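> Residue numbers for the sequence shown, in the numbering used here: 286 to 520.
Note that beta-carbon positions come from the ideal geometry of N, C-alpha and C, so glycine has one too.
Since this is a predicted model, take the numbers as computed values, not measurements.
This structure is in structure tokens; I'll ask about it shortly.
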Amino acid sequence: MSTQKIQNTKIAGIPAVIAGADTDEGFLFIHGKMGCKEEALDFAERAVPKGFQVAGIDLPEHGSRKNEAEKLVPWTAVPEILAIYRDLSARWKKVHVRANSIGALLSMYALQNEQLGKTLFVSPLVDMEQLILGMMAQSGVTETMLEQKGEIETDFEETLSWKYLSWVRSNPLVWNRPSEILYGTNDNLTGKNTIEQFCVKNACRLTTVENGEHWFHTEEQLKALHDWEERELKR
């Protein structure tokens, strides 16, 4: 990326990095858990030469926001993503989205009623209620216990939250927008049936990577990811 313009800035008050020269269209890149805005720079290596700018943001509790008060919960992150999208819409004629994992889920909640270009999702979480209920079962936590305590820490460093579960149930995900999805067959957070049903319901094109995991990180997995990005950027 050393030959390309990189700008550290804020978008709608949120720490951001923008790669590439000014242009008419660009990608909003939204990282997943344990990620940061700088992950957008890897994607920019493929997107910028094709004429796109790329803007990466830090979600609450991530990157340069680790010590801030805001938590990575949908009622905080969803309005932020919408505000960022609207800021970028004033900058670009067309806003595309490239998002990972929970970043994909939050972007779908935030942007379900907005005008978007390409939407490229890697290992998207598409059924948060099912995921929470699975973690509860794994930890031996009942709904009554969670409602009474509000929050319960698990052995696998996840905090179960009654408010979070209630929010998800009160806000069913309505996407209904053709999107491109990359999914690893060994994804331990989203089952194959779950992602396939989501793709059928929402007219999304599913590309599967044999032995791919939720987090694409091995040399082989990253090659599959980069090849997929190249194809979708050209489509």
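With a threshold of 8 Å on Cβ separation, who are the neighbours of N473 within its own chain once the five nearest residues in sequence on each side are excluded?
Locating residue 473 in the sequence shown gives position 188, where the first residue counts as 1. Counting only Cβ-Cβ distances below 8 Å, and skipping sequence neighbours, we find E498 and H499.
> Using only CA atoms, which one of M421, I299 and T427 lies nearest to F441?
Here residue 441 refers to the residue found at position 156 of the sequence shown. Closest option to F441, Cα to Cα, is M421.
> Within a Cβ cutoff of 7 Å, which residues of the same chain sit near V333, ignoring the five residues on either side of it in sequence?
Walking along the sequence shown from the start, residue 333 turns up at place 48. Same-chain partners within the cutoff: Q289, A304, G305 and V339.
> Give me the Cα-Cα distance between A362 and L344, rounded to the nearest whole angstrom.
As a first step, residue 362 is located in the sequence shown; it is residue number 77 there, counting from the start. As a first step, residue 344 is located in the sequence shown; it is residue number 59 there, counting from the start. When rounded, the distance between both Cα atoms is 7 Å.
> Determine the extent of the alpha helix (DSSP H) in which K477 is found, giving its start and end residues.
If you number the sequence shown from 1, residue 477 lands on position 192. Segment K477 to N487, the alpha helix (DSSP H) holding K477.
> The alpha helix (DSSP H) with L507 in it runs from where to where?
Counted from its first residue, the sequence shown places residue 507 at position 222. Its alpha helix (DSSP H) spans residues E504 to K519.
> Excluding the 5 residues preceding and the 5 following F483 in the sequence, name in chain order all residues of the same chain whose CB lies nearer than 6 Å to its CB.
Working through the sequence shown from its first residue, we reach residue 483 at position 198. V411, listed in sequence order.
> Which residue's Cα is closest to the Cα of L367: L357, E346 and Y394?
Numbered from its first residue, the sequence shown carries residue 367 at position 82. For the residues L357, E346 and Y394, the minimum Cα distance to L367 belongs to Y394.
> Which whole runs of the beta strand (DSSP E) in the region 426-477 are 3 residues long or more, in chain order?
The region 426-477 contains these whole beta strand (DSSP E) runs: 436-438, 444-446 and 465-469.
> G341 and K318 look like a contact to me (Cβ under 8 Å); what is the Cβ gap, rounded to whole Å?
To locate residue 341, count along the sequence shown from 1; it is residue 56. To locate residue 318, count along the sequence shown from 1; it is residue 33. Contact flag wrong, Cβ pair sits at about 15 Å.
> Under 7 Å, do N456 and N487 count as touching if we go by C-beta distance?
Mapped onto the sequence shown, residue 456 falls at position 171. Mapped onto the sequence shown, residue 487 falls at position 202. For N456 and N487, no; Cβs fall outside 7 Å.
> Check F406 in the structure and name its three-state DSSP category.
If you number the sequence shown from 1, residue 406 lands on position 121. DSSP places F406 in strand when its eight states are reduced to three.
> What's the call for H502, buried or exposed, on a 16-neighbour Cβ count within 10 Å?
The residue labelled residue 502 in the question sits at position 217 within the sequence shown. With fewer than 16 Cβ atoms within 10 Å of its Cβ, H502 is classed as exposed.
> So Q292 is in the beta strand (DSSP E); what residue range does that whole segment cover?
By one-based count along the sequence shown, residue 292 stands at place 7. Unbroken beta strand (DSSP E) run through Q292: I291 to I296.
> Going by beta carbon distance, what residues of the same chain come within less than 7 Å of V426, once the five residues before and after it are set aside?
For the purposes of this step, residue 426 is identified with residue 141 of the sequence shown, where counting begins at 1. Taken in chain order, the residues that qualify are I437 and L445.
> For K379, name the three-state secondary structure that DSSP assigns.
For this step, residue 379 is matched to residue 94 along the sequence shown. Reduced to three states, the DSSP call for K379 is strand.
> The beta strand (DSSP E) that contains Q397, what's its start and end?
Numbered from its first residue, the sequence shown carries residue 397 at position 112. Counting along the chain, Q397 falls outside any beta strand (DSSP E), and DSSP gives it neither H nor E.
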